[in-house]
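Take a look at the structure set out below.
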């Protein structure tokens, strides 16, 4: 059974600071996704990581993937209040069903 | 449409009643997924439709839950004899094809009293 663990689950940080969210998964996967969810809103796709060593950046967010360690990171640089949201990583099973298995999410609060 | 549309956005029902939740995927998307998001369990896969293939129902929690997809487009998730533990946000997603990015709707918040 594929399991996905995120940490931390809650993160409160000051504007301007850097931090990293971690996503570990238990079995080989085809790809890893990062999603953002604002309160009461839909999940918004941020990144899709397809191969070992993949790195993608968008604004103050950078995601990376290490398939050997079964680890993805979401790095936040110089946080701003607008980044406050819940961030989910999700993984699909290599060669298996198309369903995504989600981590429990990291609720990020960026304080002025 | 511009995105995945779900209705109703909120549904309050009494224990034991049946409910139907609707999902209208992005036009042209062949794959459609239902997930459930609850405080205790996070986001859980329920069921997946791809074209004319048999759906993957492996995530449905009990036989009270069923879903269909008509004409390869709109999908309805039906929960019979609702229980309080069914209270959650039910999310629908669609993708252009297998292994592609899943785009999510805003969800239906179900409250079973």
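Protein chains in written order, with the numbering used here: chain S, 108 to 219; chain G, 208 to 320. Every residue, glycine too, gets a C-beta built ideally from N, C-alpha and C.
Does the distance from the C-beta atom of residue 215 of chain S to that of residue 172 of chain S stay below 7 Å? Numbered from 1 along the first chain, position 108 holds the residue referred to as residue 215 of chain S. Numbered from 1 along the first chain, position 65 holds the residue referred to as residue 172 of chain S. No, they are not a contact pair.
Assign residue 164 of chain S to buried or exposed, taking buried as 16 or more other Cβ atoms, counted over all protein chains shown, within 10 Å of its Cβ. Counted from its first residue, the first chain places residue 164 of chain S at position 57. Label assigned to residue 164 of chain S: exposed.
Can you pull the chain C residues whose beta carbon is under 9 Å from the beta carbon of residue 178 of chain S, in chain order? Absent from the structure: chain C. Protein chains present are S and G.
Reduced DSSP secondary structure (H/G/I, E/B, other) of residue 188 of chain S: The residue labelled residue 188 of chain S in the question sits at position 81 within the first chain. In the structure shown, residue 188 of chain S sits in a helix (DSSP, three-state: H, G or I).
Determine the DSSP secondary structure at residue 244 of chain G, reduced to helix, strand or coil. Taking the first residue of the second chain as 1, we reach residue 244 of chain G at position 37. The answer is strand: DSSP assigns residue 244 of chain G an E or B state.
Hey, is residue 214 of chain G close to the ligand GTP, as in C-beta under 6 Å from one of its heavy atoms? Absence of the ligand GTP from the depicted structure is noted, as is the absence of any ligand whatsoever, leaving it without description.
Distance, Cα to Cα, residue 185 of chain S vs residue 167 of chain S? Counted from its first residue, the first chain places residue 185 of chain S at position 78. Counted from its first residue, the first chain places residue 167 of chain S at position 60. Roughly 7 Å separates the two Cα atoms.
Beta strand (DSSP E) segments (min. 3 residues) lying fully within the segment 213 to 262 of chain G: 217 to 220, 226 to 231, 238 to 245 and 249 to 257
Hey, does residue 313 of chain G have any beta-carbon neighbour from chain S nearer than 7 Å? On the second chain, residue 313 of chain G is found 106 positions in, with the first residue counted as 1. Chain S contact via Cβ: present.
Of all the options S:125, S:118, S:193 and S:198, which has the alpha carbon lying nearest to the alpha carbon of residue 136 of chain S? Within the first chain, residue 136 of chain S is the residue found at index 29, counting from 1. Of S:125, S:118, S:193 and S:198, the residue nearest in Cα terms is S:198.
Name the two residues that bound the continuous beta strand (DSSP E) containing residue 218 of chain S. Your numbering for residue 218 of chain S matches position 111 in the first chain. Taken as a continuous stretch (DSSP letters only), the beta strand (DSSP E) holding residue 218 of chain S covers 213 to 218.
Could you tell me which chain S residues have their CB closer than 9 Å to the CB of residue 279 of chain G, listed as they occur along the chain? Against the second chain, residue 279 of chain G aligns to sequence position 72. Residues of chain S passing the Cβ test: none, with the nearest at roughly 16 Å.
List, in chain order, every chain S residue whose beta-carbon is nearer than 7 Å to that of residue 309 of chain G. For the purposes of this step, residue 309 of chain G is taken as the residue at position 102 of the second chain. In chain order: 207.
Determine the closest residue to residue 216 of chain G out of G:222, G:224 and G:231, with distance taken between C-alpha atoms. As a working note, residue 216 of chain G is residue 9 in the second chain. Cα-wise, what sits closest to residue 216 of chain G is G:231.
Contact residues within the segment 131 to 159 of chain S, judged by C-beta distance below 9 Å to chain G: 137, 138, 140, 142, 144, 147, 148, 149, 150, 151, 152 and 155
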